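Oh and the sequence shown: position 4 is -2 in the numbering used here, straight run, nothing missing.
Beta carbons: idealized from backbone N, C-alpha and C, even for Gly.
These numbers were taken from a predicted model, which means no experiment stands behind them.
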Amino acid sequence: MLTKVDVEFYGVPRQRAGVDRVQLAFATSSVAAADVMDLLLQRFPTLRNGCLEDGWLHASCTANVDGCDFISDPATPLSCGQTLLVMSADAGG
């Protein structure tokens, strides 16, 4: 089963990635947020510069699932069709 997760970037992560969104596909039925971050680093190495470090978010960034839940656990499971927002911790005021 293919799992697709959309990622939207805001603030500094958007500047570093150079895009506002990307869709990632995984050849597994379950995906952890850390898996998404690993693939993001492969696709956008510039995210290492102040956005992602040691396989997770730099302290200046945060992540949110579907605009509802902020997450801090790299093991947070993501389902097909979900959207992970990666943003500067101060984005939105």
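Jot down the residue ranges of each uninterrupted beta strand (DSSP E) in the segment 4 to 47, minimum 3 residues, whole runs only, in chain order. 15 to 20
Rounded to whole angstroms, what is the Cα-Cα separation between Ser24 and Asp0? Locating residue 24 in the sequence shown gives position 30, where the first residue counts as 1. Locating residue 0 in the sequence shown gives position 6, where the first residue counts as 1. Distance between the alpha carbons of Ser24 and Asp0: 14 Å.
Which residues in the same chain as Phe20 place their Cβ atom closer than 6 Å to its Cβ, once the five residues preceding and following it in sequence are excluded? Translated into positions along the sequence shown, residue 20 becomes position 26. Thr(-3), listed in sequence order.
Skipping 5 residues on each side, what residues in its chain have a beta carbon closer than 7 Å to that of Leu41? Sequence index remark: in the sequence shown, residue 41 carries index 47 (1-based). Same-chain partners within the cutoff: Pro7, Arg10, Ala11, Leu34 and Leu35.
Top-ranked residue by Cα proximity to Gly127, from Pro68, His52 and Ser66: Because the chain here runs from -5 to 87, residue 127 falls outside it and cannot be looked at.
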